[in-house]
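K.L.:
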Amino acid sequence: MELLFPFSFGLIACFIGALPFGAINLTVVSLTVNRSYEQGMRFALGASLIEIGEAYIALIFGKLISGFINRHSELPYFIAFVFIGLGIYFFARKTSPKLEKNNKKGLGAFMQGVFVAILNPQAIPFWLFAFAFVTPNHTMSMGHGLVLFLAGVFTGKMLALLSFARMSNYLSKHLSQSCHTIDYIMGSVFSIIGIIQILKTFI
12 MELLFPFSFG LIACFIGALP FGAINLTVVS LTVNRSYEQG MRFALGASLI
62 EIGEAYIALI FGKLISGFIN RHSELPYFIA FVFIGLGIYF FARKTSPKLE
112 KNNKKGLGAF MQGVFVAILN PQAIPFWLFA FAFVTPNHTM SMGHGLVLFL
162 AGVFTGKMLA LLSFARMSNY LSKHLSQSCH TIDYIMGSVF SIIGIIQILK
212 TFI
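Position 172 of the sequence shown, counting from 1, maps to 183 under our numbering, and the rest follow consecutively.
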């Protein structure tokens with residue numbers, strides 16, 4: 012059970028973090044629609060491997076600041092308000108995502124996934140806040156726990172991006188509506204996490 016947490020945490024957190032429309036999942040949809048599901052899958056593989064590195068970097072920084080978190084009892088309140096703020100942001104966000112009609116032919120889908128993921132490093136601050144949320148109750152070992160966590164990260168990212176690829180035909184026709192639905196879901200998830208964090212400080 013102790014080893015199940017790192018994998019589950021990595022999978023669930025990464026899956027949720029990959030849901031909001033951005034350059035990575037929009038490119039997966041675009042590649043699948045304009046080329047093939049196989050190309051979208053290769054892109055997803057490249058992006059997922061980079062996510063492992065970004066999560067590991069965030070974990071190292073998380074280890075460095077864990078002492079700071081433990082010494083400052085007011086920090087959980089800050090984390091809670093950040094999550095609630097993210098919830099409000101997603102509820103209020105009005106986006107009009109667009110798919111690129113022409114993908115670069117000179118770059119393979121796998122390498123395109125690598126480069127797009129590197130150029131969109133938002134995953135690092137996301138993981139820092141995710142670690143800050145779980146640090147008070149769980150510690151991440153650097154042995155088997157680390158391997159399982161990174162495996163969960165990879166699995167969660169692949170599942171999310173392949174889900175976008177599978178639904179690419181629907182998403183390409185209902186992009187705006189799908190974006191608003193996902194934003195509403197993300198707003199609810201982050202708000203609930205923030206409220207739970209506040210309640211934890213009083214229990």
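Glycine included, every Cβ here is placed at the ideal spot set by N, Cα and C.
Roughly how many angstroms lie between the CA atoms of Phe121 and Leu210, to the nearest whole one?
P.N.:
The alpha-carbon atoms of Phe121 and Leu210 are separated by roughly 43 Å.
K.L.:
Using the Cβ count rule (16 or more neighbours within 10 Å means buried), how would you classify Phe89?
P.N.:
By the 10 Å Cβ count, Phe89 comes out exposed.
K.L.:
Judging by CA-CA distance, which residue of Leu157, Ala66, Gly119 and Leu139 is the nearest neighbour of Val39?
P.N.:
The candidate whose alpha carbon is nearest that of Val39 is Gly119.
K.L.:
How is the alpha helix (DSSP H) around Asn131 delimited, first residue to last?
P.N.:
It is not in any alpha helix (DSSP H) - Asn131 carries neither H nor E in the DSSP assignment.
K.L.:
Assuming contact is defined by CB atoms lying nearer than 8 Å, are Ser179 and Val44 in contact in what I supplied?
P.N.:
It is a contact, given that the beta carbons lie within the stated cut-off.
K.L.:
Take every Cβ of the segment 45–58, pair it with every Cβ of the segment 156–174, and state whether three or more of those distances are shorter than 8 Å.
P.N.:
Yes, the segment 45–58 touches the segment 156–174.
K.L.:
Sort Gly64, Phe18, Arg46 and Leu37 by Cα distance to Pro132 and report the nearest one.
P.N.:
Cα-wise, what sits closest to Pro132 is Gly64.
K.L.:
So, at 7 Å on beta carbons, what are the nonlocal neighbours of Phe142 in its own chain, with the 5 sequence-adjacent residues on each side left out?
P.N.:
Once the five neighbours on either side are set aside, the close Cβ partners of Phe142 are Ala69, Leu70 and Gly73.
K.L.:
Answer yes or no: do Phe26 and Gly167 have a C-beta to C-beta separation smaller than 8 Å?
P.N.:
Contact: yes.
K.L.:
Please report how far the alpha carbon of Gln188 lies from the alpha carbon of Phe137, in whole angstroms.
P.N.:
Answer to the nearest angstrom: the Cα atoms are 25 Å apart.
K.L.:
Going by alpha carbons, who is nearest to Met52 out of Leu157, Gly124, Lys184 and Gly28?
P.N.:
Of the listed residues, the one whose Cα sits closest to Met52 is Gly124.
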